[in-house]
């Protein structure tokens with residue numbers, strides 16, 4: 001673990017471990033030290049802590065039993081989806097028990113007539129997408145990790161993705177939840193219908209709460225009819241500023257693309273050769289623009305959006321690449337963060353959002369930051385909603401304090417522009433020291449009090465979000 | 468007031484009134500008894516209570532000053548938008564001060580480049596729509612009262628409307644808020660960007676909280692590009708069941724209309740002659756189907772949806788009526804609840820939502836309820852999201868206990884179907900006795916504790932939501 005924390009929790013005693021085994025059944029307890037490593041981190045490098053025990057339940061009753069014990073014996077429980085988070089949210093910072101939801105992974109129902117899905121939290125995002133697709137339906141949220149991340153984790157972090165520019169984030173698809181409170185009580189929140197305003201919106205309070213308020217055990221999700229057609233245009237630019245001006249032009253002119261993804265020059269240096277377009281590697285910026293909807297209009301829409309790219313200095317525009325090329329391109333886009341991570345000893349994924357109209361200005365200033373703080377910044381992400389993944393790398397951990405300083409400066413800049421320090425990764429452990437940059441003390445104080453309401457004994461994912 | 472409540476609050480003393488006047492300025496205090504009546508009720512008939520004082524601030528500092536005093540001197544403050552609510556949420560049930568937000572009504576900014584609006588809470592919904600439209604932008608939420616209701620009230624109740632089937636409710640457009648806590652502190656929540664996951668989602672906790680947690684003083688709203696075209700089809704049916712089967716067919720076949728409004732036979736008896744279609748009055752059900760989007764596709768979309776109506780027993784389908792007829796039709800639709808209210812001495816607007824696939828079944832059973840409980844039920848609403856406004860009327864208040872029994876039975880049925888007792892009006896005062904039908908004690912207990920966190924001294928809109 002990069003941060004040292006003194007633990008307010010005693011190690012699990014043998015009688016407590018016996019009680020856990022008794023309550024949840026031996027079959028779902030993992031205690032073998034060689035297997036605990038897998039639960040010591042998420043996809044955020046550099047932060048790890050071994051749990052003392054892992055519980056991997058298959059029923060909600062097991063979840064309840066574990067939390068009841070934790071609440072009585074005061075041991076920390078860290079809920080975990082499939083470990084693809086990028087903020088250390090699933091790291092058991094005070095050891096104790098990791099509660100892996102991986103095996104509660106049933107798609108309970110895809111209800112075509114009511115356009116909803118009922119799923120357990122361990123379902124993989126892409127599996128739900130496929131199951132919906134088979135019935136002509138669409139579950140839009142599409143984080144880059146969609147082939148390996150869980151719906152429960154998506155809800156815990158309010159995960160976004162490429163389609164957010166048109167379809168919103170996970171929050172917009174969660175109609176209702178079943179969740180276990182830290183005292184073991186089971187609650188149901190929200191509705192199974194398209195809308196409802198009965199009492200406070202606990203559903204959306206739990207979504208994005210990063211497993212600190214309750215453990216989600218079932219989700220009722222909104223589905224849409226699957227869009228009949230999709231079309232894509234790809235544009236290469238000399239620099240990121242022209243690419244971002246194109247983005248502004250596209251959005252200001254009434255287009256609603258379902259993806260507006262970009263890669264900067266540093267990303268193209270790394271992965272440009274894998275892209276199915278000549279000269280991609282030598283370009284200064286890459287923009288992928290996608291539209292979905294009626295077959296009779298999507299091509300015209302991307303044509304219009306391609307024209308805005310040309311108007312704003314695109315050096316090459318490739319309309320409607322075939323589906324093989326499209327798949328290849330998306331694969332490169334999805335793998336870019338892993339490729340960057342593998343290329344650098346120090347890799348810190350930031351996840352800022354700036355107002356759309358400020359993106360070009362903001363990215364213009366990145367080389368200055370990079371030079372001043374001696375880091376290399378790879379920028380890619382969801383240009384359509386201003387969500388820029390700044391992947392900050394350095395060649396040695398020796399310069400970490402300078403790297404941290406640079407990150408702080410960048411986040412300050414983001415907040416001063418009216419932006420936010422996390423668009424979709426969450427705060428977790430990695431960003432809690434920056435929370436005060438964005439949230440005033442009165443706001444944090446309310447949030448802490450809400451945490452206290454849900455988790456009076458502070459046993460659920462302690463040490464996250466707040467310092 | 469229909470319900471008798473003993474007040475835990477002392478009447479405002481002359482020194483407290485003087486302190487309020489001093490703090491907020493005489494100009495925004497209304498104490499003239501002849502003017503207080505206007506603030507004694509909302510659009511829900513039969514529930515009224517005069518406030519002792521009305522404060523109508525123009526600045527956030529006045530709101531803060533009033534709440535600070537209320538928190539210290541323990542008098543109730545009932546926030547009020549423009550009084551169009553249908554659940555008694557703005558009725559000052561324990562007298563005290565009504566805080567009217569009507570004069571904080573500036574549209575601060577329509578930011579075309581960032582697709583957001585920044586507004587004060589007293590802005591009228593339709594005024595915001597028009598201001599956005601002038602810049603080619605679109606603010607979708609469209610409650611029937613949109614010409615007279617306020618954005619702040621919309622947010623307080625998470626108001627929906629006809630376009631919810633495609634565009635969602637007010638919640639989906641609130642990105643960030645500025646609000647004053649009951650202790651007078653000012654907080655900012657959420658973001659000015661398209662997404663953000665920094666801490667708990669206080670924004671969406673405040674949305675729909677019916678003015679019981681904080682007073683919203685500024686809203687940052689998401690806007691969309693304005694859809695370039697709209698097209699409509701109207702279908703008349705012998706009975707509501709065929710109309711609802713058509714709705715199911717439309718939604719199950721991948722169509723995404725931007726309105727799917729219905730009127731039942733009782734509504735048509737009342738307003739059918741005002742509709743610009745022959746034979747509307749004699750029909751058993753009326754369905755208005757609207758699509759928006761690219762000009763080249765909307766007509767084809769409504770044609771397809773009209774065909775589903777014919778497949779499901781429509782006796783007449785009128786494609787793409789001219790814009791004059793369309794406006795006339797919408798006006799009738801928007802006025803239907805007022806017309807019903809004016810026709811009956813007892814009028815209770817219910818606002819249930821049932822799963823889409825269950826609508827036909829549900830409405831099939833309404834005549835049984837009507838007969839058993841000796842009421843007349845006018846059903847209309849937003850078929851596309853299962854949100855049915857059941858307007859329950861009776862010819863005399865003498866039969867109120869039977870009416871109440873009938874409502875209870877209907878709401879029980881709704882909940883047993885997986886529906887919700889309020890789709891967009893909220894709980895307020897009118898429905899709090901039904902809250903337990905939908906929310907389990909553990910859920911209500913959490914909500915009460917959250918109320919306690921925000922409003923420790925219970926001075927903000929007391930007596931609402933919870934009994």
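Chains as they are written, first to last, in the numbering used here: chain A, 1 to 467; chain B, 468 to 934. Where a beta carbon is used, it is the ideal one built from N, C-alpha and C, also for glycine.
| Query | Result |
| --- | --- |
| Would you list, in chain order, the members of the stretch 200-224 of chain A that have their beta-carbon closer than 8 Å to a beta-carbon of chain B? | 200, 201, 202, 204, 205, 207, 208, 209, 213, 224 |
| Using a beta-carbon distance below 8 Å, is residue 228 of chain A in contact with chain B? | yes |
| Name the chain B residues whose beta carbon is nearer than 8 Å to that of residue 164 of chain A? | 661, 662 |
| What residues in its chain sit with their C-beta under 7 Å from that of residue 312 of chain A, if we drop five residues either side in the sequence? | 242, 245, 246, 249 |
| Please state whether the Cβ-Cβ distance between residue 577 of chain B and residue 604 of chain B is less than 8 Å. | yes |
| Roughly how many whole angstroms lie between the Cα atoms of residue 589 of chain B and residue 638 of chain B? | 17 Å |
| Pick out whichever of A/198, A/201, A/255, A/223 has its Cα sitting closest to the Cα of residue 693 of chain B. | A/255 |
| Just confirm the distance between the C-beta atoms of residue 591 of chain B and residue 616 of chain B, as a whole number of angstroms; I'd bet it's less than 8 Å. | 7 Å |
| In chain order, what residues of the same chain have a beta carbon less than 8 Å from the beta carbon of residue 396 of chain A, not counting five sequence neighbours either side? | 345, 346 |
| Helix, strand or coil for residue 59 of chain A? Go by DSSP, reduced to three states. | coil |
| What are the start and end residues of the alpha helix (DSSP H) that includes residue 910 of chain B? | 908-921 |
| May I ask which residues mark the beginning and end of the alpha helix (DSSP H) holding residue 481 of chain B? | 481-491 |
| Going along chain A in order, which residues have a C-beta closer than 7 Å to the C-beta of residue 727 of chain B? | Those within 7 Å of residue 727 of chain B in chain A number zero; the least Cβ separation is about 11 Å. |
| Give the residues of chain B in contact with residue 468 of chain A, contact being defined as C-beta atoms less than 8 Å apart. | Limits of chain A in this structure are 1 at one end and 467 at the other, which puts residue 468 of chain A out of reach. |
| Taking residue 739 of chain B as part of the alpha helix (DSSP H), name the residues at either end of that continuous run. | First-last for residue 739 of chain B: undefined, no H or E at that position. |
| Determine the DSSP secondary structure at residue 145 of chain A, reduced to helix, strand or coil. | coil |
| What do you reckon, is the C-beta of residue 313 of chain A under 7 Å from a heavy atom of the ligand MN? | In the structure shown, the ligand MN is absent, as is every other ligand, since no ligand is present at all. |
| What does residue 822 of chain B reach in chain A if we use C-beta pairs closer than 7 Å? | 114, 192, 193 |
| So that I know if they touch, is there some Cβ in chain A lying closer than 8 Å to that of residue 433 of chain B? | Since the first residue shown for chain B is 468 and the last is 934, residue 433 of chain B is missing from the structure and cannot be characterised. |
| For residue 765 of chain B, which residues of its own chain have a beta-carbon under 7 Å away from its beta-carbon, when the five flanking residues on both sides are left out? | 696, 697, 698, 758, 759 |
| Whose C-beta lies closer than 6 Å to the C-beta of residue 3 of chain A among residues of the same chain, with five residues either side of it excluded? | At residue 3 of chain A, the pLDDT of 46 sits below 50, so the modelled position is not reliable; the number obtained from the coordinates is stated separately. So no residue of the chain qualifies. |
| Could you confirm whether any beta carbon from chain A is found closer than 8 Å to the beta carbon of residue 928 of chain B? | no |
| Per the DSSP calculation, residue 645 of chain B is bridged to which residue(s)? | B/655, B/685 |
| Step through the CB atoms of chain B and report whether any lies within less than 8 Å of the CB of residue 381 of chain A. | no |
| Quick check on residue 467 of chain A: buried or exposed, where buried means 16 or more other Cβ atoms within 10 Å of its Cβ? | exposed |
| Give the range of the beta strand (DSSP E) segment to which residue 815 of chain B is assigned. | 813-820 |
| On the DSSP bridge list, what partners appear for residue 225 of chain A? | A/137 |
| Measuring alpha carbon to alpha carbon, tell me which of A/384, A/405, A/352 ends up nearest residue 370 of chain A. | A/405 |
| Would you mind telling me which residues of chain A sit closer than 9 Å to residue 925 of chain B, beta carbon to beta carbon, in chain order? | Correct list: empty, because the minimum Cβ distance to chain A is about 15 Å. |
| The stretch 556-581 of chain B: which residues have C-beta closer than 9 Å to a C-beta of chain A, in chain order? | 578, 579, 580, 581 |
| Between the alpha carbons of residue 953 of chain B and residue 596 of chain B, how many angstroms are there, rounded? | As displayed, chain B neither begins before 468 nor continues past 934, which places residue 953 of chain B out of reach and without an answer. |
| Going by DSSP, which residues form a beta bridge with residue 861 of chain B? | B/813 |
| Pick from A/282, A/56, A/16, A/178: whose alpha carbon is nearest that of residue 28 of chain A? | A/56 |
| Quick check: the Cα distance between residue 46 of chain A and residue 52 of chain A, rounded to an integer number of angstroms? | 19 Å |
| Run through chain B and tell me which residues come within less than 8 Å of residue 442 of chain A, C-beta to C-beta. | 648, 652, 653, 654 |
| Bridge partners of residue 74 of chain A, per DSSP? | Paired residues: none, contrary to the question. |
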